[in-house]
Amino acid sequence: MKETFPRRLKGRSYAETRSAVLDLIRSSETISRVELAQQSALTEVTISKIVKELLLEGIVIEAGQGQSTGGKRPKLLKLNTGVLYAVGVSLGIARIVIVLCGLNGKLIERVDIAGMGNEPPPTVLARVAGAVQQIIQGRGIWRGSIVGIGVASSGRRRGPLGWGSNPEVARKWERFDTAAELEALCDVPVLIENDANSVALGTFWSGGADASRNFMSVYMDQGIGAGLVLGGTVFRGASDNTGEIGHIVVEPDGFECWCGSHGCLETVGAPRGIVRRVLTNPGLAALFDSRNAGDEAAIYQRVLAGLGEGLPEAEALISRSIHRVSTVLLGLANTLDLDRIELAGPGFSAVGHRYVKELRRLVEQASFTRGVHPVAIDLGGTGLDVAALGAASVVLHSSLTPHHMSIQI
């Protein structure tokens, strides 16, 4: 049963009310005007006015008739997925993924290009803009139908200055206005979002969290972070830096983290931290980096291969990560009273099922609310495009349903 919104819509502006009605249509496969009025607690007159606008704009279309409840069969409404589009970009050091999505957030086309590396931002963004142009022209899409471009990246948000993701790229990118540059190149609005928040919003927009409105998406690539959705809205905190679970200290005497602290979860549980442990241990380095190349991605893949071969050293590295990550997530489930946690991202692609299994075990044994309600633990998308798809959803979310885009304290 879908949640109704009487208290939320009371006293809201017309734009916010329209946004909420569109969100109800989006989250339903099909829905009638009567059902919209019931679930929103709005009058049928208001619903009729909003729906008429959405139909005229082509955002919503009529899709057959519903079951009669004693009178005329109601006309059903649904989102028109082929009228507007969004582009999502996931910025990575080794690879940049660009996707085109329809109004429902589903993938239409994907292009992979060379990553950021050590190149200056203008050079990288010119390459991104070229790829975006290629997709738009190749599909014959009118530029005016592109709602915007969402860009997902990791690291600390710093207001209008952007954020730094790690020492290698921070100096070049943290004070560069990525949004303004890309917007000028593409002539399309650009939104910048944290990668974990992007994944969480993408999950919510596409219905991947089974309509849960209080959940956490944990995104792991080379690092690890979380996007928190409360009541269908991203919770952002005082400075837009909520969800940096990779910087929860789990080993105070551990490695120094790029954030300046020591023993952060990212230095222990994320792929980058596992690789660092390999490179700082001569025995492990000889085993997993025999060519002395220092290639993080290749070393991590060798650790995973060693896991499949039954190497105890690989098992110890991965088990340590699973234990630390699961323990932190249990604490967050207790703190935030979540009903769902989703693990997503390339870092979970090979052994995500083991993280899910351990976290489920801990939640069943030690969740404070285990006698009150269950906490669903699931493995979401683990492809390289999951953050880019989320970034496209951020644009759709912001443009079409801004009434619950974010909560700030």
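So that you can map any letter, position 80 of the sequence shown is 1202 in my numbering, and since no number is skipped, the others follow by simple counting.
Where a beta carbon is used, it is the ideal one built from N, C-alpha and C, also for glycine.
Using DSSP with H/G/I as helix, E/B as strand and the rest coil, what is Asp1500?
Here Asp1500 sits in strand by DSSP.
Which residues in the same chain have their Cβ closer than 7 Å to the Cβ of Ile1068, if we skip the five residues on either side of it in sequence?
With the chain covering 1123 to 1531 only, the question about residue 1068 has no answer from this structure.
Could you check which residue in Gly1430, Gly1224, Gln1160 and Met1342 has the C-alpha nearest to that of Ile1268?
Nearest C-alpha to Ile1268: Gly1224.
For the pair the stretch 1348 to 1360 and the stretch 1468 to 1476, tell me if three or more CB-CB distances fall below 8 Å.
No: the two stretches stay apart, fewer than three of their Cβ pairs being nearer than 8 Å.
Spell out a yes or no on whether the stretch 1234 to 1246 and the stretch 1339 to 1347 are touching, meaning 3 or more CB-CB pairs, one atom from each, closer than 8 Å.
Not touching, per the Cβ criterion.
Going by DSSP in three states, Cys1308 sits in which element: helix, strand or coil?
Here Cys1308 sits in helix by DSSP.
In the DSSP output, what is Asn1336 paired with across the bridge?
In DSSP, Asn1336 forms a bridge with Leu1352.
Where Ser1383 and His1369 are concerned, what is the direct C-alpha to C-alpha distance, given to the nearest angstrom?
Rounded to the nearest angstrom, the two C-alpha atoms are 8 Å apart.
Among Asp1507, Asp1461 and Gly1502, whose alpha-carbon lies nearest the alpha-carbon of Thr1491?
With distances taken between Cα atoms, Thr1491 lies closest to Asp1461.
Would you be able to state if there are at least three C-beta pairs under 8 Å between the stretch 1257 to 1265 and the stretch 1224 to 1235?
Yes: the two stretches touch, three or more of their Cβ pairs being nearer than 8 Å.
Can you tell me whether His1163 is helix, strand or coil according to DSSP?
With the sequence shown as reference, residue 1163 is identified as Ala, and His is not the correct amino acid for it. Ala1163: coil per DSSP, three-state reduction.
Under the DSSP definition of a beta bridge, which residues are partnered with Glu1534?
Any property of residue 1534 remains undetermined from this structure, which presents the chain solely from 1123 to 1531.
Look up Phe1377 in the DSSP assignment and say whether it is helix, strand or coil.
Coil at Phe1377, not helix or strand.
Looking at the unbroken beta strand (DSSP E) that takes in Asp1234, where does it start and where does it end?
Taken as a continuous stretch (DSSP letters only), the beta strand (DSSP E) holding Asp1234 covers Leu1229 to Ala1236.
Whole angstroms is fine: what's the gap from Ala1513's alpha carbon to Arg1358's?
Distance between the alpha carbons of Ala1513 and Arg1358 is about 16 Å.
Could you check what DSSP says for Ser1287 in three-state terms: helix, strand or coil?
In this prediction, Ser1287 has a pLDDT of 46, which is less than 50 and means its spatial position is unreliable; nothing more can be read from the coordinates.
Could you check if Met1123 is buried or exposed, using at least 16 other CB atoms within 10 Å of its CB as the buried criterion?
Here the model assigns Met1123 a pLDDT of 34, short of 50, so the residue's position is not dependable and the matter cannot be decided.
I'd like the list of long-range same chain contacts for Thr1203, defined as Cβ closer than 8 Å, with 5 residues on each side in sequence excluded.
Here the set comprises Gly1224, Leu1225, Asn1226 and Lys1228.
Select from Leu1406, Val1485, Trp1264 and Asp1417 the residue whose C-alpha is nearest the C-alpha of Leu1433.
Checked all of Leu1406, Val1485, Trp1264 and Asp1417; the closest Cα to Leu1433 is Leu1406.
Taking the CB atoms as reference points, tell me whether Tyr1477 and Leu1458 lie closer together than 7 Å.
It is not a contact, given that the beta carbons lie outside the stated cut-off.
According to the Cβ coordinates, are Ser1276 and Asp1317 closer than 7 Å?
It is a contact, given that the beta carbons lie within the stated cut-off.
Identify, in the order they occur along the chain, each residue of the same chain with its Cβ nearer than 6 Å to the Cβ of Cys1381, setting aside the five sequence neighbours on each side.
Hits under 6 Å: His1369.
Here's the rule: buried if 16 or more other CB atoms are within 10 angstroms of the residue's CB, otherwise exposed. What is Gly1503?
It is buried - the Cβ of Gly1503 has at least 16 other Cβ atoms within 10 Å.
Between Trp1264 and Ile1235, what straight-line distance do the alpha-carbon atoms span, to the nearest angstrom?
One C-alpha to the other measures close to 23 Å.
So, Val1205 versus Gly1186, is the Cβ gap smaller than 7 Å?
Contact: no.
Which same chain residues, not among the five before or five after Pro1393, have their C-beta less than 6 Å away from its C-beta?
The answer, listed in chain order, is Gln1344, Tyr1422 and Gly1469.
From the DSSP secondary-structure annotation, give me the bridge partner or partners of Glu1464.
Beta-bridge pairing links Glu1464 to Ser1339 and Asp1500.
Who are the near neighbours of Phe1410 in its chain, counting only those whose CB is closer than 6 Å to its CB and skipping five residues on each side?
Cβ within range, chain order: Val1400, Ile1421, Arg1424 and Val1425.
Check Ser1515 in the structure and name its three-state DSSP category.
Residue state, collapsed to three classes: helix.
Closest by CA to Leu1452, which one among Arg1398, Arg1195, Leu1313 and Lys1479?
Of the candidates Arg1398, Arg1195, Leu1313 and Lys1479, the one whose C-alpha sits nearest the C-alpha of Leu1452 is Lys1479.
By the DSSP assignment, the alpha helix (DSSP H) with Arg1446 in it spans what residues?
Pro1434 to Leu1458 is the span of the alpha helix (DSSP H), which, as asked, contains Arg1446.
When you compare each of Ser1170, Tyr1136, Gly1210 and Phe1298 to Ser1515 by their alpha carbons, which one comes out closest?
If we check each option's Cα against that of Ser1515, Gly1210 comes out closest.
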